[in-house]
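**Q** The sequence shown begins at 340 in the numbering used here and counts up by one.
Beta carbons are placed, not taken as given, at the ideal position from N, Cα and C, and that holds for glycine.
Please read these numbers as outputs of a predicted model, since none were measured by experiment.
Shown below is the structure under consideration.
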Amino acid sequence: MRILVMNPNTTASMTASIRATATTAAAQGTEIIATEPLWGPESIEGHFEGYLSAAAVLDRLATLDLSFDALVMAGFGEPGREGAQELLDVPVLDITESAAQMAMMLGHAYGIVTTLDRAVPQIRDRLLTAGLLQRCAAVRGTGLGVLELEEDAERTVEVIIETAREVVRDGAEVICLGCGGMAGLQEKVAAALGVPVVDGVAAAVKFAEAVVGLGLTTSTGRSFAPPRPKVIGSWPLSAHLSPGRAQVSPRHTAFSAQTSGI
């Protein structure tokens, strides 16, 4: 089984972290491949960047010359998943719904710790659309930007734990890490809090393995039928880009075999 994990931003170091967490969670025999869009924002902190990222991710998926059995979209609370479900004929899992679904199997109420406070309404909207908000006790931001998560690992964990304690006081019995950039921190946070902590990347990988293992995929009967054939101007943009031209900032490092390489 081969699972493609898509980091929605263009920061390759974050792709590497997400890939490591996905690989650790995967069962023996599951191959994890991780990549990111060839263009788009280096991090996603709001609706504007979220919709840009969604277009970039769909553009990247449309040009990938690669076979895979499932897709994991590693953006928390961000748009684009439904478009990927229309575009692909394999199961598509996103880390927001996967984390919440798994958390609800472990406790009566769950809570989410994310990055900036401005992300909270976006995450709540996503949970509401998915029918998962009713059992969410709280969604709280740490005040850390997405790229700040990688700057000081010790401080990042401390701030996440401090915020998670507030969420537990709000009634959460399980904590979800609300950003793909928090991948791999669940054990440290759980040890400090004494409650289960769910990483969305790991949860989505396990759900993907289960769905593929059961021989299931997205229904195309109505909502997620394939896109109707039509002319789309300048689409796909990624077909005209090379990895070198895609480097739009110092944080967007060169693509490598450890991250994209595809």
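1. Could you compute how far the alpha carbon of aspartate 538 sits from the alpha carbon of alanine 442?
2. What is the DSSP secondary structure of glutamate 417, counted as helix, strand or coil?
3. What residue from Glu421, Asp456 and Tyr449 has the CA that sits closest to valine 507's CA?
4. Can you confirm whether the stretch 349-357 touches the stretch 448-462 when touching is taken to mean that 3 or more C-beta pairs between the two stretches lie within less than 8 Å?
5. Under DSSP, the alpha helix (DSSP H) around glycine 539 begins and ends at which residues?
6. Going by C-alpha to C-alpha distance, which of Leu343, Glu490, Lys545 and Gly422 sits closest to serine 406?
7. Taking aspartate 398 as part of the alpha helix (DSSP H), name the residues at either end of that continuous run.
8. Please report the straight-line C-alpha distance between valine 459 and valine 478, rounded to a whole angstrom.
9. Going by DSSP, what residue range makes up the alpha helix (DSSP H) through isoleucine 499?
10. Shortest alpha-carbon distance to glycine 546 belongs to which of Asp433, Ala476 and Lys569?
11. Quick check on the DSSP output: the alpha helix (DSSP H) that includes arginine 561 runs from which residue to which?
12. Skipping 5 residues on each side, what residues in its chain have a beta carbon closer than 6 Å to that of arginine 341?
13. So for leucine 611, helix, strand or coil by DSSP?
14. Are there three or more Cβ pairs, one per stretch, closer than 8 Å when the stretch 383-391 is compared with the stretch 560-570?
**A** Reading it off the structure:
1. In the sequence shown, the residue the question calls residue 538 occupies position 199. In the sequence shown, the residue the question calls residue 442 occupies position 103. About 10 Å.
2. Residue 417 sits at position 78 when you count from the first residue of the sequence shown. Coil at glutamate 417, not helix or strand.
3. The residue labelled residue 507 in the question sits at position 168 within the sequence shown. Residue Tyr449 is the option with its Cα nearest to valine 507.
4. no
5. Counting from one through the sequence shown, the residue named residue 539 turns up at place 200. First-last of the alpha helix (DSSP H) with glycine 539: 539-552.
6. Position 67 of the sequence shown, counting from 1, holds the residue named residue 406. The alpha carbon of serine 406 has as its nearest neighbour, out of Leu343, Glu490, Lys545 and Gly422, the alpha carbon of Leu343.
7. Within the sequence shown, numbered from 1, the residue matching residue 398 stands at position 59. First-last of the alpha helix (DSSP H) with aspartate 398: 386-402.
8. Position 120 of the sequence shown, counted from the start, is the residue given in the question as residue 459. Position 139 of the sequence shown, counted from the start, is the residue given in the question as residue 478. Roughly 6 Å separates the two Cα atoms.
9. Against the sequence shown, residue 499 aligns to sequence position 160. From DSSP, the alpha helix (DSSP H) with isoleucine 499 extends over 492-508.
10. The count along the sequence shown starts at 1 and reaches residue 546 at position 207. The identity of residue 546 in the sequence shown is phenylalanine, whereas the question assumes glycine. Looking at the Cα atoms, Asp433 is the closest of the given residues.
11. For the purposes of this step, residue 561 is identified with residue 222 of the sequence shown, where counting begins at 1. Segment: none, arginine 561 is in no alpha helix (DSSP H) and carries neither H nor E.
12. Working through the sequence shown from its first residue, we reach residue 341 at position 2. Glu370, Phe407 and Asp408.
13. Only positions 340 to 601 of the chain appear in the structure, and residue 611 is not among them; the question remains open.
14. no
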